[in-house]
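Quick note, the sequence shown lines up with residues -32 to -1, 1 to 391 if you use mature numbering (1 follows the signal peptide of the UniProt record, and there is no 0).
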Amino acid sequence: MRMQGTLSNARVCRTYGSLFLFFIASLEVGMAAKTASTRSSHTALRSKIPISLENIETALLALEKQRGTPELAETVVDIDKMVAEMKSMVRNQSKLTQQTINQAWTDFVSCSGLYDIDSHTGLQSIDSLAQVHANCRLEESGSKIILDSCEKELAARSSRELQRKGAFDALNQFPVSGFCAHRANSLQYNTVRGYIKHFRDHFASQLISWEHAFNASANATSLKLHTLRDCYGEDRRKNGQGGKEETYLSKKLLCQDLQRKVEDAACDRIAHRADCAAYVKCYESNHNAFFASGQTKESALSQSQQQQQEYHALIRIKCVLDAYATYQDGAALSKSISECQQIQADVSFLQVSLPDEEPGAMPPDKTGCLHHSSSEAPGSSIFAQQFYQNLIVKDDLTHWTNVQEDVLACKGRCCPMPTDATV
């Protein structure tokens, strides 16, 4: 922000200087014109005669020979009023200069509020968290492979159970009519052994087949129940409460929590970068506006020095005017005017105060924060590729296939909605 002013001191001096010159010129022409006519024509001269306060003072000193005349007395009164107005303007300009530099400093130091370095300390490494997460996902995939194998075995044993049960059901029936009819007279057999053999062929073989089918069905059911418990726990229900399913789901939940930490760490860095970027932009812009060559501070110092010089010159002019109004005697007037040339007025109250030079006023430079940030956002394909897929696929593509759907569901607090990560 460049130093601005509503009306420059130089312009004020030039304006009133034209008036002074007119009064002085009127007196030197012959003192014939009255002050009223002087006022009516000064506007035409104002833009034509660039005169400084030093020139005004010099011209006033040259009027010493006109001392005691009514015209000079009246002119001195009018000029004295203008000097008072000019002194007030210089004071107001000094206040405006101070307000301007104060505002520029306030704008600069306010940048620190955009970025709190303490709130961004201890940013976690996304790379290290991502590796821990990838290791977890590999274990999750391994537990899923074990669960899938268990469920595959369960499906096979369930199929065998149905087959064995079907075979047993076919035998587990009462004999057809006439099956139990046999020769009642053992004499019809040549030997007892023949009779027993007949009994065995008709009854014992049937019993053996039934018992074999029964045992096969029971064993198939037992193996199925054992596999159910192995896959799903003692309740043999697929509810995530036991067995290999619980192991897999527990690991999956743990990995989801780790993924959330990875993405929240990335969110922290994104927030860090946004705050940091806003701070750096503000800091550099306002630092330049305040400290750069030709900007606020340098301009304020220059204006303040000019205001002090002008005010000091006005005090000397006022002293000369007072001498003209007070002394009629030539020696006394000359002595008083000479003393006016030596006056050293205190104008330090117009010295601009530099807020940056107050003890401890300079805020710390935190613009280095941009060197420690990342712009990758969770939920993006680039983020998923870099921090998930590349770390998981390197061992076995099967692992990525097993966890891909869950991994690509963004879980961080700054995830886009809906998730747009695709790989």
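Yeah, the Cβ is synthetic: ideal placement off N, Cα and C, and Gly gets one too. Here the structure is a predicted model, which means the values were calculated and not measured.
Quiz prompt | L289 - containing alpha helix (DSSP H), residue span | solution = T264 to T294
Exercise. Output the distance between the C-alpha atoms of L130 and G201, rounded to the nearest integer angstrom.
Key: 22 Å
Quiz item: Roughly how many whole angstroms lie between the Cα atoms of S127 and I113?
Solution: 21 Å
Self-check item: Proximal residues to R105 (C-beta, below 6 Å), its chain only, five neighbours per side dropped
Solution: C223, I360 and V371
Quiz item: Would DSSP call M57 helix, strand or coil?
Solution: helix
Quiz item: In its own chain, which residues sit with a C-beta less than 7 Å from the C-beta of E373, not counting the 5 before and 5 after it?
Solution: none
Quiz item: Could you give the residue range of the alpha helix (DSSP H) that holds V160?
Solution: V160 to F167
Self-check item: Distance, A234 Cα to G110 Cα
Solution: 27 Å
Quiz item: Tell me which same chain residues have a C-beta within less than 7 Å of the C-beta of E213, skipping the five on either side of it?
Solution: L115, C199, Y200 and K206
Quiz item: Since F142 contacts S185 with CB under 8 Å, what's their CB separation in whole angstroms?
Solution: Actually they do not touch by this definition, with Cβ atoms about 18 Å apart.
Exercise. Report, in whole angstroms, the separation of the C-beta atoms of C244 and L338, which I expect to be a contact under 8 Å.
Key: 5 Å
Practice problem: Pick helix, strand or coil for Y247, following the three-state DSSP scheme. | Solution: helix
Quiz item: Do I305 and A291 have their C-beta atoms within less than 8 Å of each other?
Solution: yes
Exercise. Following the continuous alpha helix (DSSP H) through S349, name the residue where it begins and the one where it ends.
Key: S349 to A352
Self-check item: Minimum C-alpha distance to D314 - residue among C308, Q276, Q357 and R161
Solution: Q276
Quiz prompt | Contact check, L282 vs M54, beta carbons under 8 Å | solution = yes
Quiz item: So, helix, strand or coil for G208, using DSSP?
Solution: coil
Quiz prompt | Given T195 as reference, the closest of S96, G210, I164 and L82 once Cα atoms are compared | solution = G210
Quiz item: Can you tell me whether DSSP reads A27 as helix, strand or coil?
Solution: helix
Quiz item: In terms of residue numbering, what span does the alpha helix (DSSP H) encompassing R35 cover?
Solution: Note, R35: premise wrong, no alpha helix (DSSP H); not H, not E.
Quiz prompt | Local conformation of L155 per DSSP, three classes | solution = Summary for L155: the model assigns pLDDT 49, below 50, so the residue's position carries little reliability; its value from the coordinates is reported in the next sentence. Helix.
Quiz item: Can the beta-carbon of A268 be found closer than 8 Å to that of T68?
Solution: yes
Quiz item: Can you tell which of C378, A293, S261 and T369 has its C-alpha closest to the C-alpha of D46?
Solution: A293
Self-check item: Of the listed residues E107, L29 and P346, nearest to D377 (C-alpha basis)
Solution: Checking the displayed sequence, the identity of residue 377 turns out to be Ala instead of Asp. Checking every option, the nearest Cα to that of A377 belongs to P346.
Quiz item: Can you give the Cα-Cα distance for R7 and G262, rounded to whole angstroms?
Solution: Because R7 sits at a pLDDT of 36, beneath the cut-off of 50, its placement in the model cannot be relied upon, and the following sentence gives the value as read from the coordinates. Their backbone Cα atoms lie some 39 Å apart in a straight line.
Quiz item: How many angstroms separate the CA atom of Q353 from the CA atom of R381?
Solution: 19 Å
Quiz item: What residue from T264, Q309 and D297 has the CA that sits closest to I285's CA?
Solution: Q309
Quiz item: Considering only residues of the same chain and omitting the five flanking positions on each side of R379, which have a CB-CB separation below 7 Å?
Solution: Correcting the residue identity first, residue 379 is Lys in this sequence and not Arg. Around K379: Q224, Q227, R228 and E231.
Self-check item: Proximity of W73 and F258 at Cβ, strictly below 8 Å
Solution: yes
Quiz prompt | CB contact flag (P331, V77, <8 Å) | solution = yes
Quiz prompt | Three-state secondary structure (DSSP) of V51 | solution = helix
Exercise. Going by CA-CA distance only, name the one from C118, T264 and E278 that's closest to M57.
Key: E278
Quiz item: Anyone know if the C-beta pair for R125 and L175 falls short of 8 Å?
Solution: no
Exercise. Please report how far the alpha carbon of S348 lies from the alpha carbon of C79, in whole angstroms.
Key: 31 Å
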